[in-house]
Amino acid sequence: MSSGLLGVAVSGLQAFQRGISVAGHNITNANTEGFSRQRVELNTRAASYTGAGYIGNGVQIGGIDRMYDQFAIDNLRTATSSSSRYDSLATYSSRVSNLLSDEKTGLNIGLEEFFNAVQTVADDPSSGPARQLLISEAGSLVSRFENLDTQLESMRDEINAGLKTMVSEVNSLSNAIAETNRKIVDASGRSQGEVPNDLLDARDQLVNQLSGLVAVRTLEQDDGALNVFVGSGQSLVTGVLSSELRTIPNAFDAQRLEIGISTGGAVAIVTDSMTGGKLGATLDFEEQVLNPTQNALGRIAVTMATEFNAQHNSGMDLNGVAGGDFFGISAPTVAPNANNSGGATITAAFDSANIDELTTDDYILGFDGAVWSLSRARDGQAVSMTGTGPYFANGIEIAIAGGATAGDRFMIKPTEGGGNGLSVAIDNPRDIAAAAQAAGPAPGDNSNALLLAGLQTALTMEGGTTNFQGAYGQLIGDLGTKTRSAQITAQAQGAILARAHEVRDAVSGVNLDEEAADLIRFQQAYSAIAQVISVADSTFQTLLGAIGR
Amino acid sequence: MRISTMQMFRQGIDSILSQQTEVVRTQNQLSTGKRIISPSDDPTGAAQLVGLSETARITEQFLRNSDQARARLEQEDSSLGSIMESLQRARELAVRGLNDTNSAEQRIGLAKEVHQLLDEVMGLANYKDSNGNYLFSGFQVNTVPFTDNGGGTFSYAGDSGQRQIQIGAGRQISDGDSGQAVFRDIPGVSGGTEDIFTTLYTLASELEADAPNGTSLDQIDNAIDHILGFRATSGARLNAIDSQRGINESLLIQIEQTRSGIQDLDYAEAASRLSRESIALQAAQQAFVKIQNLSLFNFL
């Protein structure tokens, strides 16, 4: 009888000790990111049958449960991905919009000072200092364009470096997940179905970190392993194996990076399906903010320089000679696809007569074996070309030499290098063509200078709807709107993330007061059961004493 | 709902951080005096500011252009004024010369003075402005416009160019007149045109030869009328510049008001916002400390 009593008591001691140690484990992990609190599940032991009926045998530990809600964990993962995406996008975008709107670095003052200097020449066209001032203001306008372009380019460098780092982070996380999968499968096998709680937490935490970088989907296998997919279903982790992401140079432009995934030796390009997270945000930023901004700046530079040159050409300088080009403009860049097999060379130039049609788009010129066709790079929308070679479209002129093979493609970027490629072509103040063309020199004639000055407010951009500075204002407005919408979404996503944390923590988070209460509860039970042992002992002693007498 | 200890901590910190962000933003606005710190604060406003800045700067340039034109027109006006005085004197001399009481010697004396007047007028017609440009040579501002070749022949090396100056959006004004128009295209008494120097030279020659002729007096009257016309024109241009300056200045004030409406901070509102936000921040901090002290472990 007393051995039964002792057995019951010992089972209680063991159970409550376990309870105390689980509470301790919870307390020590109260600040561990991703930890799910654990609970000792207590069951009554099977009772023994006696003549008097079934008699209890004490308590046993049913298991140590991990308190979690898979739905909450998945939600948290999605929210982490979105929140980190819009946070990064807002941060990057606001840098660009602040750069362009800054009074010191922006284009505003440059354009204003330059055209004011043209007016000063118009006020006194024979004045050497006024002409010299115009050339130096032109120089500072050019360096403003250059400076902005350089800043944007350095952001591109930063982004490319960031992409490489993030890709290697993704790789090390997917490695770690695959490794954790292996441990989980092993551990579950060893314990015959008992789950290794802390490993599951660690894996959830790894997947969550991965979500901060790129949106992922997961699928749990029967053996406990978790498969992880990115993009449009490319597998990053399959059981205990992980695939690698890589950065690959773009086929048209080695400066721009694509994301590839290597599966079984082959590398598939998955840039476009990389959404969400910091990685997705970086790609979004480059595609939707950085490239269009650089092109928009380039377009202002190219249009302004082309219009100014055209008017300057129709004037006459102090020597009585027709005006030359005032600005140097860099031609549109043309890049063949790395996989082209034909021998065609493409040359693109600006179509000065229709320069107001110039857009901020990049284009792809393709050959289908018979016909050349042009499409917009960002969405593949067809762009109609006029002419029979050279072809004309949207303010550019495209000349084709040599033979292409069907499938050959060329990337044409009209305005990308515009900001950086601008230069002042005149260094002698006498070469400024302020006068109208006449039989001989007319130093006091300012009629062409007046027309040049008039270009400042002429509607020469966006199909004749705005002027240079108006286009710049639109660019700043656009950037402001993009940044604002990213910021608002980031705030909303931040709130959703906080809510997801709350929901997850409501189930899984450690509450120290609760653990303190548990400690008290188990401690009291432990003391009580110790009392039972003492009773059993004294009962036994009493019996011994009775016999010994 | 169950709340984890870490959640309580995180929430406390988050609300302190977000309050701090607001406070710093308001502080930044107060120290710059601007409502729009970055374009995302008000994208439409930021784009508008670009256009306003452009208009303001052009208008300021128009004011400078007006000053340039005004200076030159005033110089023209004062030269023409002096020339008028010379012509009036020449007219007096011509009237006196026609008087039969004059002897041949007296007429030679008159002729000498007319020659002097001719030199004066020549000097004024070859006047340079403050930038060193000849006022009356058309576009050939570096070329001496009038030369006395001797023997009553005078040549003009300028052209008939007339410069326009931009003094307002879509408003240009001439900043002078060519020597051709002012001094050469004077209607002749007997048809055609006659330049002012030839007129004076003829008058002097007639007086020297003791053969005064009424036609010369008439021709001087023509010259006076002609130049008076140019003085009136340049006066009208000066008035036009003044009225355009008024328009430009009030435009600048308007732009400044619009710009201020878009960009400037309402200090009273921002200051009260700052104190509200500071209180909220303080409350969040105090609540955080209070709550962090509440733990069952304190009683174990």
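Protein chains in written order, with my numbering: chain A, 1 to 549; chain B, 1001 to 1300. Note that the Cβ used here is the ideal one computed from N, Cα and C, for glycine as well.
Quiz item: Do you know offhand how far residue 1389 of chain B's Cα is from residue 1114 of chain B's?
Solution: Chain B is shown only over 1001 to 1300; residue 1389 of chain B falls outside these bounds and no answer can be derived.
Quiz item: From the beta carbon of residue 472 of chain A, is the nearest beta carbon of chain B less than 8 angstroms away?
Solution: yes
Exercise. Please name the residue in A/186, A/348, A/479, A/288 whose C-alpha comes closest to that of residue 379 of chain A.
Key: A/288
Quiz item: Which residue or residues does DSSP assign as beta-bridge partners of residue 219 of chain A?
Solution: For residue 219 of chain A, the pairing in a beta bridge is given by DSSP as A/227.
Quiz item: Can you name the start and end residues of the beta strand (DSSP E) that residue 244 of chain A belongs to?
Solution: 244-249
Exercise. Give me whichever residues DSSP pairs with residue 365 of chain A in a beta bridge.
Key: A/374, A/410
Exercise. Go ahead and pull the three-state DSSP assignment for residue 2 of chain A.
Key: Confidence in residue 2 of chain A is poor, its pLDDT being 46 and thus under 50, which makes the residue's placement unreliable; the coordinate value appears in the next sentence. Here residue 2 of chain A sits in helix by DSSP.
Quiz prompt | Cross-chain neighbours of residue 501 of chain A in chain B, by beta carbon under 8 angstroms | solution = 1007, 1010
Self-check item: Status (buried if at least 16 other CB within 10 Å, exposed otherwise) for residue 1100 of chain B
Solution: exposed
Quiz item: Would you say residue 414 of chain A and residue 348 of chain A are within 8 angstroms of each other, going by their C-beta atoms?
Solution: yes
Practice problem: Give the straight-line distance between the Cα atoms of residue 2 of chain A and residue 536 of chain A, rounded to the nearest whole angstrom. | Solution: Any answer about residue 2 of chain A is weak, because its pLDDT of 46 lies below 50 and its placement is not dependable; what the coordinates show is given next. Those two C-alpha atoms are separated by around 6 angstroms.
Quiz item: With 16 other CB atoms within 10 Å as the buried threshold, where does residue 1297 of chain B fall?
Solution: exposed
Practice problem: In the DSSP assignment, find the unbroken beta strand (DSSP E) run with residue 1168 of chain B in it and report its ends. | Solution: For residue 1168 of chain B, the enclosing beta strand (DSSP E) begins and ends at 1164-1168.
Practice problem: Give a yes or no on whether 8 angstroms exceeds the smallest Cβ distance from residue 320 of chain A to chain D. | Solution: The displayed structure is made up of protein chains A and B, and chain D is not among them.
Quiz item: chain A partners of residue 1142 of chain B, CB-CB under 7 angstroms?
Solution: 126, 443
Quiz prompt | Close Cβ partners of residue 397 of chain A (< 6 angstroms) along its chain, the five nearest in sequence each way excluded | solution = For residue 397 of chain A, where only same-chain residues beyond five positions count, the Cβ hits under 6 angstroms are 349, 351, 390.
Quiz item: What three-state label does DSSP hand residue 256 of chain A in the structure shown?
Solution: coil
Practice problem: With DSSP as the reference, label residue 192 of chain A as helix, strand or coil. | Solution: coil
Quiz item: Would residue 1286 of chain B pass as a contact of residue 1035 of chain B if the rule is Cβ separation under 8 angstroms?
Solution: no
Practice problem: Name, going along the chain, the residues of the region 1281-1293 of chain B whose beta-carbon falls closer than 8 angstroms to a beta-carbon of chain A. | Solution: none
Quiz prompt | Contact with chain B by residue 450 of chain A, beta-carbon distance below 8 angstroms | solution = yes
Quiz prompt | Outcome for residue 472 of chain A when other beta-carbon atoms lying within 10 angstroms are tallied against a minimum of 16 | solution = buried
Quiz item: Which residues in chain B sit within 9 angstroms of residue 476 of chain A, going by Cβ to Cβ distance?
Solution: 1039, 1043, 1046, 1047, 1049, 1050
Practice problem: Report yes if the CB atom of residue 1224 of chain B is closer than 8 angstroms to the CB atom of residue 1087 of chain B, and no otherwise. | Solution: Against a cut-off of 8 angstroms, the Cβ pair of residue 1087 of chain B and residue 1224 of chain B comes out as a contact.
Quiz prompt | Where the region 289-312 of chain A meets chain B: residues whose CB sits under 9 angstroms from a CB there | solution = none
Quiz item: In chain order, what residues of the same chain have a beta carbon less than 8 angstroms from the beta carbon of residue 545 of chain A, not counting five sequence neighbours either side?
Solution: none
Self-check item: Range covered by the beta strand (DSSP E) that runs through residue 269 of chain A
Solution: 266-269
Exercise. Give a yes or no on whether 8 angstroms exceeds the smallest Cβ distance from residue 480 of chain A to chain B.
Key: yes
Quiz item: For the region 484-495 of chain A, which residues have a beta carbon sitting closer than 8 angstroms to at least one beta carbon of chain B?
Solution: 484, 487
Quiz item: Should residue 123 of chain A be flagged as near chain B, meaning a C-beta pair shorter than 8 angstroms?
Solution: yes
Exercise. Tell me, please, whether the CB atom of residue 1297 of chain B is closer than 8 angstroms to any CB atom in chain A?
Key: yes
Quiz prompt | Same chain, Cβ closer than 6 angstroms to residue 18 of chain A, five either side skipped, listed in chain order | solution = 40, 61
Exercise. Determine, using beta carbons only, whether residue 1053 of chain B comes closer than 8 angstroms to chain A.
Key: Between residue 1053 of chain B and chain A, the shortest Cβ-Cβ separation is below 8 angstroms.
Practice problem: Pick helix, strand or coil for residue 336 of chain A, following the three-state DSSP scheme. | Solution: strand
Quiz item: Which partner residues does residue 1198 of chain B have in the DSSP bridge list?
Solution: BP columns for residue 1198 of chain B are empty, so no partner.
Quiz item: Taking 8 angstroms as the CB-CB limit, is residue 1 of chain A close to chain B?
Solution: The predicted model places residue 1 of chain A with a pLDDT of 43, which falls under 50 and marks its position as unreliable, so this point remains unresolved.
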